[in-house]
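Chemist: Numbering-wise, the sequence shown is residues 274 to 630 according to the working numbering. Beta carbons are placed, not taken as given, at the ideal position from N, Cα and C, and that holds for glycine. These numbers were taken from a predicted model, which means no experiment stands behind them. Before I ask anything, here is the structure I am working with.
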Amino acid sequence: MTRSSSIVVLGFLASWTSVVAAQEAGAPNHAAPAAAAPAMRTVAVLGYEAKWIEDPSRRKEASDILATVVGDRLSAMDEVVAVERADIEKLLKEQTLNLSGLVDENNRVRIGKLLGAQFLLWGSGFKLGEQIYVTTKVINVETGQFKGIIAKMPADRDLAAVVEGVSDELIKALPAAVKALSPEKAPEVGPVEMLKRQLGGDAKAWLVAADEEHKGPPVIDPAIRNELEALLSGAGQSLRSLDKKDARSVLDGRRTVRDVLPDAKADYYVLAEGFSEFGKRLSQDLVVCVARVEMKLVDAATGNVLAAGSADARATDLGEHLAAKQALRKATRTLLLELAAKLPPNQAGDAGDRQPK
274 MTRSSSIVVL
284 GFLASWTSVV
294 AAQEAGAPNH
304 AAPAAAAPAM
314 RTVAVLGYEA
324 KWIEDPSRRK
334 EASDILATVV
344 GDRLSAMDEV
354 VAVERADIEK
364 LLKEQTLNLS
374 GLVDENNRVR
384 IGKLLGAQFL
394 LWGSGFKLGE
404 QIYVTTKVIN
414 VETGQFKGII
424 AKMPADRDLA
434 AVVEGVSDEL
444 IKALPAAVKA
454 LSPEKAPEVG
464 PVEMLKRQLG
474 GDAKAWLVAA
484 DEEHKGPPVI
494 DPAIRNELEA
504 LLSGAGQSLR
514 SLDKKDARSV
524 LDGRRTVRDV
534 LPDAKADYYV
544 LAEGFSEFGK
554 RLSQDLVVCV
564 ARVEMKLVDA
574 ATGNVLAAGS
584 ADARATDLGE
594 HLAAKQALRK
604 ATRTLLLELA
614 AKLPPNQAGD
624 AGDRQPK
């Protein structure tokens, strides 16, 4: 079992000094044009039929693994919000449907609407000669139109290789398929662009202090901190990280941020703690890990908790640590966006006059 705990303290510092200096000097204050954000779509992977496998029990196992891994891989894309596999299976059970029942297009569309999905993925694979072909239908729930994405590989490949091949092909081809099936309308935004809008137009400098402990074999890089840094840097923020010792002492209450950084002027801190652990082994090569991350957003000047929440996530990968880290990153992404949306608008730009506790 792998179990990890993570503590993150984030304070973001307003960079008003450089802005005011530029204005006093008469320099125009032009924001750099933002890159086009990928549209975010809600996708549900209903299932696959591994028809190239003759044994019924092995076929069902392979079909379940393929659906689970494809969903987990797609959920890591900025363009995609994947419906949790557990929610899909629960709804199918409630509707007394199995894979054979989903062959009916009307059933698929009905399930998609109940799940709140904009697009459904439904696939099957078969063997032809010395090749395995896996076709995934991408179905627009609203219009019923669909496009097919085909992955082809040698028939002697094991299940892990087939799953990887199908996932890679989908990640490459899904954005174009979704775009072709989408009616012209104002696009939804991905998590990085969403974070940009929530934080406002003025770039902030973020202080990141993270401590992440993994029980078991050592893990090289921290998942929660890496996800926070990826999102914040993508949203145009500047970053600074404390070392492990300082971060731990802040979380334990032995020191304050001012003790660690006397000159820091921060608006907020985000304190996050998470753990991941082994869930189950799907096959010889694939494992599932689950994770939970808890965060609270604290006003640095008053010490008041402005927002708090938690998120659970699961992920499937070829190794236990890879799956655990992916699950932690998914939960972290969800919480950072949720908490940033709750920031009081009138507090987002006055960090220069605020002193952290």
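Over the uninterrupted beta strand (DSSP E) stretch that includes residue 568, give me the two end residues.
Modeler: Here the beta strand (DSSP E) through residue 568 covers 560 to 572.
Chemist: For residue 575, count neighbouring C-beta atoms within 10 Å of its own C-beta (all shown protein chains included) and say buried if the count is 16 or more, exposed if not.
Modeler: By the 10 Å Cβ count, residue 575 comes out exposed.
Chemist: Between the segment 440 to 457 and the segment 324 to 332, do three or more beta carbon pairs fall short of 8 Å?
Modeler: The segment 440 to 457 is not in contact with the segment 324 to 332.
Chemist: Please list the segments of the alpha helix (DSSP H) lying wholly inside the segment 426 to 465, counting only runs of 4 or more residues, in order along the chain.
Modeler: Correct list: 432 to 454.
Chemist: At what residues does the beta strand (DSSP E) containing residue 413 begin and finish?
Modeler: Where residue 413 is concerned, the enclosing beta strand (DSSP E) stretches over 404 to 413.
Chemist: For residue 580 and residue 346, I'd like the C-alpha separation in whole angstroms.
Modeler: Cα to Cα, residue 580 sits roughly 30 Å from residue 346.
Chemist: Can you give me the Cβ contacts of residue 584 inside the same chain, cut-off strictly under 6 Å, excluding the 5 residues immediately before and after it?
Modeler: Correct list, in chain order: 566, 604, 607, 608.
Chemist: What number of angstroms, rounded off, separates the C-alpha of residue 350 from the C-alpha of residue 318?
Modeler: Each residue's Cα considered, the two are about 14 Å apart.
Chemist: Are there 16 or more other CB atoms within 10 angstroms of the CB of residue 572, so buried, or fewer, so exposed?
Modeler: Classification for residue 572: buried.
Chemist: Assuming the contact rule is C-beta atoms closer than 8 Å, residue 354 and residue 408 should be a hit. Round their C-beta distance to whole Å, please.
Modeler: Going by Cβ atoms, the distance from residue 354 to residue 408 rounds to 24 Å, so no, they are not a contact pair.
Chemist: Since residue 398 and residue 406 are thought to touch, with beta carbons under 8 Å apart, how far apart are those beta carbons, to the nearest angstrom?
Modeler: With 8 Å as the limit, residue 398 and residue 406 qualify as a contact, their Cβ atoms being about 6 Å apart.
Chemist: Distance check for residue 593 and residue 551, CA to CA, integer angstroms please.
Modeler: Near 7 Å, if we compare the C-alpha coordinates of residue 593 and residue 551.
Chemist: Go ahead and label residue 367 buried or exposed: buried means 16 or more other beta carbons lie within 10 angstroms of its beta carbon, across all protein chains shown.
Modeler: Residue 367 comes out exposed.
Chemist: State yes or no: is the C-beta of residue 530 within less than 8 Å of the C-beta of residue 504?
Modeler: For residue 530 and residue 504, no; Cβs fall outside 8 Å.
Chemist: Using the beta-carbon count (16 or more within 10 Å), is residue 422 buried or exposed?
Modeler: Under this definition residue 422 is a buried residue.
Chemist: Any idea which residues DSSP pairs residue 318 with across the strands?
Modeler: Residue 318 pairs with 394.
Chemist: If you draw a straight line from the C-alpha of residue 501 to the C-alpha of residue 342, how long is it?
Modeler: Cα-Cα distance, rounded: 24 Å.
Chemist: Do you know whose CA, among 560, 434, 595, 393, lies nearest residue 414's CA?
Modeler: Taking only the C-alpha atoms, the option nearest residue 414 is 393.
Chemist: Would you decide whether residue 602 is buried or exposed? Buried here means 16 or more other CB atoms lie within 10 Å of its CB.
Modeler: When all chains shown are included, residue 602 counts as buried.
Chemist: State the beta-bridge partners of residue 323 as determined by DSSP.
Modeler: Answer by DSSP bridge pairing, in chain order: 398.
Chemist: What residue from 427, 426, 425, 410 has the CA that sits closest to residue 419's CA?
Modeler: For residue 419, the nearest C-alpha among the options comes from 410.
Chemist: Cβ of residue 610 within 8 Å of Cβ of residue 512?
Modeler: Cβ distance not < 8 Å, so residue 610 and residue 512 don't count as in contact.
Chemist: DSSP state of residue 343, grouped into three classes?
Modeler: Helix at residue 343.
Chemist: Could you have a look at residue 527 and say whether DSSP puts it in helix, strand or coil?
Modeler: It is coil, neither helix nor strand.
Chemist: From the DSSP output, which residues share a beta bridge with residue 420?
Modeler: Looking at the DSSP assignment, residue 420 forms a beta bridge with 411.
Chemist: Which residue comes first and which comes last in the beta strand (DSSP E) that contains residue 579?
Modeler: Its beta strand (DSSP E) spans residues 578 to 590.
Chemist: Can you tell me which of the three DSSP states residue 552 falls into?
Modeler: The answer is strand: DSSP assigns residue 552 an E or B state.
Chemist: Can the beta-carbon of residue 344 be found less than 8 Å from the beta-carbon of residue 358?
Modeler: Against a cut-off of 8 Å, the Cβ pair of residue 358 and residue 344 comes out as a contact.
Chemist: Residues bridged to residue 355 by DSSP?
Modeler: Answer is 316, bridged to residue 355.
Chemist: Check this for me: beta carbons of residue 559 and residue 361, under 8 Å apart or not?
Modeler: Against a cut-off of 8 Å, the Cβ pair of residue 361 and residue 559 comes out as no contact.
Chemist: Assuming residue 538 contacts residue 570 under a Cβ cut-off of 8 Å, what Cβ separation, rounded to an integer in Å, is found between them?
Modeler: Contact flag wrong, Cβ pair sits at about 17 Å.
Chemist: Using the Cβ count rule (16 or more neighbours within 10 Å means buried), how would you classify residue 404?
Modeler: Looking at its Cβ environment, which holds fewer than 16 other Cβ atoms inside 10 Å, residue 404 is exposed.
Chemist: Can you find the residues in the same chain that come closer than 7 Å, C-beta to C-beta, to residue 446, ignoring five residues on each side of it along the sequence?
Modeler: Excluding residues within five positions, the ones whose Cβ falls inside 7 Å are 422.
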